[in-house]
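S.K.: This structure is in structure tokens; I'll ask about it shortly.
Number of protein chains: 2
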Amino acid sequence: MRSSLVTREEVLRAALKKFAACGYAGTSVQDIVDAAAVTKPTLYYYFANKAGLYQALIDYAHDERLRLMQEAAARREALPDKLVEVITALFGFLKAHRDLVRLSFSTAFAAPGEIPTEIRYLDKCIRSFEFMHSLVKEGLEAGLLNRRFTSKELTMSIYGLLNIYVMGQFLRADHSLHRRTAEQIVKLFLEGAAGKRAVNHWKRRSAGRSTRQRAASVILPRT
Amino acid sequence: MRSSLVTREEVLRAALKKFAACGYAGTSVQDIVDAAAVTKPTLYYYFANKAGLYQALIDYAHDERLRLMQEAAARREALPDKLVEVITALFGFLKAHRDLVRLSFSTAFAAPGEIPTEIRYLDKCIRSFEFMHSLVKEGLEAGLLNRRFTSKELTMSIYGLLNIYVMGQFLRADHSLHRRTAEQIVKLFLEGAAGKRAVNHWKRRSAGRSTRQRAASVILPRT
DNA sequence: AAGTTTACCTACCGTCCGGTAGGATTTTGT
DNA sequence: ACAAAATCCTACCGGACGGTAGGTAAACTT
Chain A
1 MRSSLVTREE VLRAALKKFA ACGYAGTSVQ DIVDAAAVTK PTLYYYFANK
51 AGLYQALIDY AHDERLRLMQ EAAARREALP DKLVEVITAL FGFLKAHRDL
101 VRLSFSTAFA APGEIPTEIR YLDKCIRSFE FMHSLVKEGL EAGLLNRRFT
151 SKELTMSIYG LLNIYVMGQF LRADHSLHRR TAEQIVKLFL EGAAGKRAVN
201 HWKRRSAGRS TRQRAASVIL PRT
Chain B
224 MRSSLVTREE VLRAALKKFA ACGYAGTSVQ DIVDAAAVTK PTLYYYFANK
274 AGLYQALIDY AHDERLRLMQ EAAARREALP DKLVEVITAL FGFLKAHRDL
324 VRLSFSTAFA APGEIPTEIR YLDKCIRSFE FMHSLVKEGL EAGLLNRRFT
374 SKELTMSIYG LLNIYVMGQF LRADHSLHRR TAEQIVKLFL EGAAGKRAVN
424 HWKRRSAGRS TRQRAASVIL PRT
């Protein structure tokens with residue numbers, strides 16, 4: 001008889017590995033207990049059901065990530081430094097807990113019916129976004145950010161930039177993510193992409209919105 | 224006996240609906256044939272297997288989306304206009320073919336083992352990225368974009384910005400995506416987020432990279 | 001020492017899965 | 001008119017699924 005917590009964690013670890021590798025529906029309870037070297041009743045002794053086990057992992061993944069980002073933000077004063085620190089912390093989390101992050105992503109973008117309805121993750125995603133949002137709002141109030149954009153738009157920008165780098169890590173893991181990358185991201189976020197010769201002569205002139213693109217489709221024309 | 228193509232498309236349509244709603248592993252062949260009002264052997268008459276049916280949908284989703292984006296780019300001359308047009312086209316595609324886009328996303332971020340190995344989608348994702356990359360390269364060569372960033376960095380920026388808006392549409396469909404949104408995205412991409420009081424006094428000073436964050440974790444200590 | 005709780009097992013349940021064998025019916029080619 | 005091909009059906013297969021009944025043995029409690 002082992003010390004309870006050990007077995008429980010072994011199940012969690014095996015479940016994380018399998019879920020991250022094969023998704024929720026693609027992983028069978030048998031797969032997990034085999035990997036954890038226990039039997040099915042043992043798993044059901046510690047977790048109510050398959051969904052409960054999954055939820056435990058999702059909760060941990062989001063909570064730990066947010067905690068690290070908050071700690072990182074608290075370590076710096078100025079907004080750019082804060083952002084770099086937060087993004088670097090996230091990169092570190094990704095490096096150390098690749099499976100957890102992969103699990104978060106595939107859960108967030110999984111089809112609604114793929115995962116049991118009782119699994120909750122949306123509020124945790126929003127919480128994470130709102131944390132970045134709070135940093136941006138501070139920056140706006142301090143006049144460090146361009147007031148011609150809303151706080152939400154600005155948050156979308158930095159969050160999108162951050163996200164695409166993390167996502168790229170999963171699609172093709174060619175580039176690694178370190179502090180240098182975080183600095184480039186913040187720089188790009190703040191300075192923008194425009195070159196010197198790109199004068200603002202394209203500004204507000206309501207570009208001809210005449211051309212309506214057709215919705216050609218074989219599959220969807222439906223009724 | 225129906226006219227072959229009709230039945231085939233009805234199966235495709237039903238499959239799209241179900242796959243988008245429940246994912247690959249979460250959708251059974253029986254679900255699909257029920258929704259299409261046919262029987263299983265009918266489905267297997269038109270498609271080799273479940274994976275082949277899925278692949279047909281994925282291919283169509285990516286090809287059609289890229290086609291629309293390319294058409295959109297060809298309609299404009301200047302880079303900012305091109306970008307707005309492309310993004311607007313993508314938004315239109317999203318609006319008209321929500322299920323197809325949802326399918327693309329959940330496939331891209333699905334765990335590797337969740338979907339049969341024969342399903343190919345990565346090259347199509349890269350193709351889409353490379354299309355945007357080509358637009359950015361043109362902009363760089365024309366001096367319209369900031370040469371202190373690489374073409375890849377700049378593409379990540381606009382692509383990430385674009386992506387986060389599309390993804391947000393799936394997580395919480397509160398805001399709608401129209402040409403106005405596309406214009407704001409391009410503006411944010413080009414102008415950057417920095418406010419007027421944000422002088423570049425944070426530039427290159429290699430912010431103290433002393434503090435090493437701990438990798439506290441209950442789950443992962445492994446070995 | 002005896003009872004209770006904790007930790008974990010073997011063996012099994014009913015259900016649903018992807019896929020198929022083999023045949024019926026309709027359309028097409030000649 | 002008749003054969004061949006195309007289209008779609010009923011009925012079924014072996015296997016894997018999530019979950020459980022019921023029991024064993026060690027560890028705590030008193």
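Those protein sequence lines, which keep their order, are chains A and B. Its first residue numbered 1, the first sequence is counted upward by one per residue in my numbering. Its first residue numbered 224, the second sequence is counted upward by one per residue in my numbering. Virtual Cβ for every residue (Gly too), placed ideally from N, Cα, C. Values in this document were obtained by computation on a predicted structure and should not be read as measured data.
In the structure shown, what three-state DSSP assignment does A/Leu145 receive?
M.R.: Here A/Leu145 sits in strand by DSSP.
S.K.: Flag this pair as touching only if the region 264-283 of chain B and the region 247-256 of chain B have three or more C-beta atom pairs under 8 Å; answer yes or no.
M.R.: A contact exists between the region 264-283 of chain B and the region 247-256 of chain B.
S.K.: Say whether chain A places a C-beta atom closer than 7 Å to the C-beta of B/Leu411.
M.R.: Yes, B/Leu411 counts as interfacial toward chain A.
S.K.: For chain A, is any of its Cβ atoms less than 7 Å away from the one on B/Met379?
M.R.: Chain A, which has a Cβ nearer than 7 Å to the Cβ of B/Met379, makes this yes.
S.K.: With a CB to CB cut of under 6 Å and the five nearest residues on each side skipped, what residues in its chain are close to A/Pro80?
M.R.: Val186, listed in sequence order.
S.K.: Using the rule of at least 16 other Cβ atoms within 10 Å of the residue's Cβ for burial, across every protein chain shown, is A/Val39 buried or exposed?
M.R.: It should be noted that the sequence gives Thr, not Val, for residue 39 of chain A. So A/Thr39 counts as exposed.
S.K.: With a floor of 4 residues, list each alpha helix (DSSP H) that falls wholly inside the region 55-83 of chain A, ordered by position along the chain.
M.R.: Taking only runs of at least 4 residues, no alpha helix (DSSP H) segment lies wholly in the region 55-83 of chain A.
S.K.: Beta carbons nearer than 9 Å to chain A: which residues of the region 387-399 of chain B have them?
M.R.: Going along the region 387-399 of chain B in chain order, one finds Ile387, Tyr388, Met390, Gly391, Phe393, Leu394, Arg395, His398 with a Cβ nearer than 9 Å to chain A.
S.K.: Taking only three categories from DSSP, how would you classify B/Ala333?
M.R.: Correct three-state label for B/Ala333: coil.
S.K.: Classify A/Leu5: buried if its beta carbon has 16 or more other beta carbons within 10 angstroms, exposed otherwise.
M.R.: Under this definition A/Leu5 is an exposed residue.
S.K.: So what does DSSP say about A/Ala194, is it helix, strand or coil?
M.R.: If DSSP states are grouped into helix, strand and coil, A/Ala194 belongs with the strands.
S.K.: Following a CB-centred definition, is B/Ala237 positioned closer than 6 Å to any heavy atom of the ligand NAD?
M.R.: With respect to the ligand NAD, the structure offers nothing, as it holds no ligand at all.
S.K.: Between B/Glu233 and chain A, is there a C-beta pair that is closer than 7 Å?
M.R.: Not one chain A Cβ lies under 7 Å of B/Glu233.
S.K.: When burial is assigned at 16 or more other CB atoms within 10 Å of the CB, is A/Leu122 buried or exposed?
M.R.: Exposed, since its Cβ has fewer than 16 Cβ neighbours within 10 Å.
S.K.: In angstroms with no decimal places, state the Cα-to-Cα distance between B/Thr340 and B/Ala334.
M.R.: Going from the Cα of B/Thr340 to the Cα of B/Ala334 covers about 11 Å.
S.K.: Express the C-alpha separation of B/Glu414 and A/Asn200 in angstroms, rounding to a whole number.
M.R.: Below a pLDDT of 50, predicted positions are generally treated as unreliable, and A/Asn200, at 47, falls in that range; the measurement from the model is reported next regardless. Those two C-alpha atoms are separated by around 9 Å.
S.K.: Does DSSP put A/Pro116 in a helix, a strand or coil?
M.R.: Residue state, collapsed to three classes: coil.
S.K.: Using only CA atoms, which one of A/Ala36, A/Glu9, A/Leu162 lies nearest to A/Ser128?
M.R.: Cα-wise, what sits closest to A/Ser128 is A/Leu162.
S.K.: Measuring only the C-alpha atoms, how far is B/Ile387 from A/His178?
M.R.: Spanning the two alpha carbons is a distance of roughly 22 Å.
S.K.: Could you check which residue in A/Glu85, A/Ala37, A/Gly26 has the C-alpha nearest to that of A/Glu10?
M.R.: If we check each option's Cα against that of A/Glu10, A/Ala37 comes out closest.
S.K.: In whole angstroms, what is the alpha-carbon distance linking B/Gly369 and A/Thr27?
M.R.: In the sequence on display, residue 369 of chain B carries Asn and not Gly. The straight-line gap from Cα to Cα measures roughly 47 Å.
S.K.: Applying the 10 Å Cβ sphere with the 16-neighbour rule, what's the burial state of A/Ala89?
M.R.: A/Ala89 is buried by the Cβ-count criterion.
S.K.: I'd like to know if B/Phe328 contacts chain A, where contact means its C-beta is closer than 7 Å to some C-beta of that chain.
M.R.: Yes - at least one Cβ of chain A is within 7 Å of the one on B/Phe328.
S.K.: Go through its chain and collect everything with a Cβ distance to B/Glu337's Cβ below 7 Å, but skip five positions before and after it.
M.R.: So the list reads Tyr247, Ala248, once near-sequence residues are dropped.
S.K.: Nearest chain A C-beta to B/Tyr382 closer than 7 Å, yes or no?
M.R.: It does: the Cβ of B/Tyr382 has a partner Cβ on chain A nearer than 7 Å.
S.K.: Round the Cβ separation of A/Phe189 and A/Ser157 to the nearest angstrom and send it over; I've been treating them as touching at under 8 Å.
M.R.: About 6 Å separates the two Cβ atoms, so the contact holds.
S.K.: Looking only at its own chain, which residues have a Cβ that is under 7 Å from the Cβ of B/Ala238, when we skip the five neighbours before and after it?
M.R.: The residues are Ile255, Leu276, Leu280.
S.K.: My output table needs one value for B/Arg231: the three-state DSSP class, helix, strand or coil.
M.R.: Of the three classes helix, strand and coil, the one that applies to B/Arg231 here is helix, per DSSP.
S.K.: Does A/Gly52 have its Cβ less than 7 Å from a Cβ in chain B?
M.R.: It does not; no Cβ of chain B falls within 7 Å.
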